[in-house]
Amino acid sequence: MKRDTLFAIGEALIDFIPAQTGCDFAAVTAFSPAVGGAPANVCGAFARLGGHAALLTQLGDDPFGHKIAGELAGFGVDTRHLAFTQAANTTLAFVSLGADGGRTFSFYRNPSADLLYRPAQLPTQALADAFALHFCSVSLVEGNAAYTMKAAHQAAIAQATAGGALVSFDPNLRFPLWPDRAALKRTVWEFLPKAHLLKISDEELEFLTDSKDIEAALPALFTGQVALVLYTCGGGGAYAYTRTATAFSPSQKVAALDTTGAGDGFIGSFLWQLQQAGITPATLPGLSAATLEKYLCYSNRFCGQSVQRHGAIASYPTAAEMA
């Protein structure tokens, strides 16, 4: 059986992109809606390159939820497993862009439809046959007894792992969504050992490990099933570490217009390369430094094209554009 499907579980939302850059929210005069949410973006990157990606989430039965479903399908993402509810609205995120393309967020998400997604809604057999399952921390927040998405993550990870799928985790920290930062840190460390592949940014490293030095932090990060750590440093390039190999690739020097979804594009394109090569949890630890460098270079080039365009999925290049 060929394992070709990437599943991602978590939030899909509408990013409202500002008409002006280099200013704060108070100075923005207009926003344009764009489909976003890290798990959705990762699926989008994978699909834009020609892979089969499916999103596991719940959307509000509202115009924004149906816009997301329609646009994801248009980008080639498998939307058969999307759920809709009238119990809560689709998440909205208003984005402010600095002069360097950096972002700040304001979320409308209390509650939101994705947090009400239940374990019983998971496609159990499909997950057991998947190539990989990717997740982030945004939908792991605990609010009240109605918030079941964290339990759905636990069930999905268990099903995917039991079936032999690769599990990928990008914490993708969004502090405004977590009133208690200690709870965020505990939750990330609760889920981190369940992943085979961990993607972490330079902005997240110190918060999670109490160290600014990635190499000093690696012994702690290589916990549980973790076999590969991807460390991204924006314009400073990207590193890959297994327990026996290290690789680095510099970032492309481009004028960044919008960095929204860049990290998601990086991991999505990296996972696509792993799928193309037939990498499994058993073979992941043995990737050579040369192979890792090749994968990093491709994903950095993918991001270099993405950040020169507005939005997330809409900005991702196709395989033909990457050729």
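Residues in the sequence shown are numbered from 4 upward in steps of one, following the numbering used here.
By construction, the Cβ of each residue, glycine as well, lies at the ideal position given by its N, Cα and C atoms.
Around the beta carbon of serine 291, fewer than 16 other beta carbons sit within 10 angstroms, so the residue counts as exposed.
Using a Cβ-Cβ distance cut-off of 8 Å, the region 77 to 94 and the region 295 to 308 are not in contact, since fewer than three pairs of beta carbons, one from each stretch, lie closer than that value. Around the beta-carbon of alanine 149, fewer than 16 other beta-carbon atoms lie within 10 Å, marking it exposed.
Annotation for proline 222: no beta strand (DSSP E) segment contains it, though the alpha helix (DSSP H) segment containing it runs 217 to 224. Under DSSP, serine 171 forms a beta bridge with His137, Leu200. Under the three-state reduction of DSSP, aspartate 64 is assigned to coil, being neither helix nor strand. DSSP lists Ile203, Tyr242 as the bridge partner or partners of tyrosine 234. Here the alpha carbons of asparagine 113 and isoleucine 217 stand approximately 34 Å from one another.
Under DSSP, valine 38 shares a beta bridge with Ile17.
Closest in C-alpha terms to threonine 283, from the list Ala96, Phe305, Ala198, comes Ala198.
About 12 Å separates the beta carbon of leucine 287 from that of leucine 233, a gap too long to meet the 8 Å contact definition.
Boundaries of the beta strand (DSSP E) harbouring serine 252: 249 to 252, taken from the DSSP string. The criterion of a C-beta distance shorter than 8 Å is satisfied by alanine 96 and leucine 16.
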